[in-house]
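Here is the structure we will look at, set down as structure tokens.
In our numbering, the protein residues as written are 66 to 212.
Here it is in structure tokens:
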């Protein structure tokens with residue numbers, strides 16, 4: 066989840082990080098979700114492996130958007146976490162990114178926030194333009210390397 070924090074910092078988005086568990090700290094997890102809005106949180110990102118019920122547990126206790134990041138761990142290398150995160154009942158959605166895709170979770174959170182905050186939209190556009198230029202430069206360099 067450190068990769069998500071890096072992206073949020075880069076985009077100028079304030080955040081808080083904490084450790085929660087749907088199974089080992091269920092009451093604290095529920096309270097965290099229930100009080101998120103009053104703490105100024107607008108999007109939740111939850112990373113979990115194996116049974117990976119954290120994102121769903123948060124979503125059950127808030128109407129804020131919840132983004133789940135399945136983490137590779139255990140015998141199934143994250144496939145179990147992916148299925149646990151993505152398969153939610155109607156009315157309790159969790160937006161799910163790829164396995165270990167904390168960066169994309171942060172970018173998705175920024176896109177959600179950009180609806181309200183145009184400065185985040187501008188930073189996202191600048192990031193995409195920078196990425197595009199880097200790829201174009203790599204392509205030019207690759208073509209020049211060929212004999």
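Ideal placement from N, C-alpha and C gives every residue a C-beta, glycine not left out.
Based on Cα-Cα distance, which residue from the options lies nearest to residue i?
i	options	result
residue 137	167, 126, 180	167
residue 124	115, 145, 96, 148	96
residue 78	84, 174, 68	174
residue 126	199, 183, 87, 208	87
residue 84	66, 75, 76, 100	66
residue 106	177, 114, 118	177
residue 82	91, 68, 76	68
residue 113	104, 75, 89	89
residue 157	148, 193, 184, 129	129
residue 91	80, 208, 189, 117	117
If I measure Cβ to Cβ from residue i and keep anything under 8 Å in the same chain, skipping five residues before and after, which residues do I get?
i	result
residue 169	162, 163
residue 208	none
Got a sec? Which residues, its chain only, sit under 6 Å from residue i by beta carbon, not counting five neighbours each side?
i	result
residue 120	111, 131, 133, 150, 159
Going by beta-carbon coordinates alone, are residue i and residue j separated by less than 9 Å?
i	j	result
residue 94	residue 122	yes
residue 72	residue 172	yes
residue 155	residue 146	no
residue 139	residue 165	no
residue 180	residue 76	no
Who are the near neighbours of residue i in its chain, counting only those whose CB is closer than 7 Å to its CB and skipping five residues on each side?
i	result
residue 100	none
residue 108	129, 130, 132, 174, 177, 178
In this structure, what does DSSP give as the bridge partners for residue i?
i	result
residue 133	111, 161
When the cut-off is 9 Å and only beta carbons count, does residue i lie next to chain D?
i	result
residue 208	The structure shown contains no chain D; it is built from a single protein chain.
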